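Engineer: My numbering applies: residue 10 is where the sequence shown begins, and numbers increase by one.
Glycine is no exception: its CB is placed at the ideal position from the N, C-alpha and C atoms.
Given the structure is predicted, the values throughout are model-derived calculations rather than measurements.
Attaching a single structure in structure tokens format; questions to follow.
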Amino acid sequence: MQIHSVASEQPLPSDRAYVMTMTIKSFKGRKNVQVHLFRPEFSEEEFNSYNWDGLLGDPVEPDLTDPEGSKKLMLEAFTKEERDQIFDYIERRYEDRVIEATSAPMSFPIPTGLSPLSAVPEGKTIGLIRFSQLPNFDLPFPMHGLYDLSQAEPLVEEQA
């Protein structure tokens, strides 16, 4: 298993700034499934503790100006300490099933009008791994993973 951690080239305006993915070798009949890791919940106190004016930027598109999704997206990110704990957890629990785990800092300011990962509806190919509900989950914070099976190749060639 490989770990790729990109460092920030400049000081980050928030400790909660690291986005993470992992790639599972084989999952639900697909190979090399990318899973976007995120924090599914946060406190109102933490939400209110940020100076959002300094963290949010221009809209991603002119008609998408609602800042709430972008705020939640940042709160789904991890701190550097949490990132290191997640890398350790993945190595201990999933080393033989995960190809790689990656982390990179978010780009600031975050555009307004984005949707948080927790708002993506589950469906036929899109789903959540609720790590905090799995046996032997030992991180001190909840973690979910969002995947889209349609973005991964089948393990066996599909018949036409």
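Taking only three categories from DSSP, how would you classify K133?
Structural biologist: On the sequence shown, residue 133 is found 124 positions in, with the first residue counted as 1. Of the three classes helix, strand and coil, the one that applies to K133 here is coil, per DSSP.
Engineer: At a cut of 8 Å, does the region 14-32 reach the region 104-118 through at least three beta carbon pairs?
Structural biologist: yes
Engineer: What's the gap between the Cα of Y98 and the Cα of L148?
Structural biologist: Counting from 1 along the sequence shown, the entry for residue 98 is found at position 89. Counting from 1 along the sequence shown, the entry for residue 148 is found at position 139. Roughly 8 Å between the two C-alpha positions.
Engineer: Would you mind stating whether K69 and P22 have Cβ atoms separated by less than 7 Å?
Structural biologist: In the sequence shown, counting from the first residue as 1, residue 69 sits at position 60. In the sequence shown, counting from the first residue as 1, residue 22 sits at position 13. Note that residue 69 is Val in the sequence shown here, rather than Lys. It is not a contact, given that the beta carbons lie outside the stated cut-off.
Engineer: Measure how close the beta-carbons of I33 and R106 come, nearest whole angstrom, since I'm counting them as under 8 Å.
Structural biologist: Counted from its first residue, the sequence shown places residue 33 at position 24. Counted from its first residue, the sequence shown places residue 106 at position 97. Contact holds; Cβ gap of about 6 Å.
Engineer: Can the beta-carbon of L155 be found less than 7 Å from the beta-carbon of L143?
Structural biologist: Sequence index remark: in the sequence shown, residue 155 carries index 146 (1-based). Sequence index remark: in the sequence shown, residue 143 carries index 134 (1-based). Not closer than 7 Å, so no.
Engineer: Less than 6 Å between C-beta atoms, sequence neighbours within five positions excluded: which residues of the same chain meet that for R11?
Structural biologist: Against the sequence shown, residue 11 aligns to sequence position 2. A small correction: the amino acid at residue 11 is Gln; Arg does not occupy that position in the sequence shown. Excluding sequence neighbours, Q11 sits near E109.
Engineer: For L123, which of helix, strand or coil comes out of DSSP?
Structural biologist: As a working note, residue 123 is residue 114 in the sequence shown. L123 falls in the coil class under three-state DSSP.
Engineer: Round the Cβ separation of P151 and S141 to the nearest angstrom and send it over; I've been treating them as touching at under 8 Å.
Structural biologist: For the purposes of this step, residue 151 is taken as the residue at position 142 of the sequence shown. For the purposes of this step, residue 141 is taken as the residue at position 132 of the sequence shown. Indeed they touch by this definition, with Cβ atoms about 4 Å apart.
Engineer: Using CA atoms only, rank isn't needed, just tell me which of K80, A128, L64, V165 is closest to P20.
Structural biologist: Stepping through the sequence shown from its first residue, residue 20 is reached at position 11. Closest option to P20, Cα to Cα, is L64.
Engineer: In terms of residue numbering, what span does the alpha helix (DSSP H) encompassing N145 cover?
Structural biologist: Locating residue 145 in the sequence shown gives position 136, where the first residue counts as 1. Element bounds for N145: n/a, residue is neither H nor E.
Engineer: In whole angstroms, what separates the C-alpha of K89 from that of V15?
Structural biologist: Position 80 of the sequence shown holds residue 89. Position 6 of the sequence shown holds residue 15. Using only the alpha carbons, I get a separation of about 11 Å.
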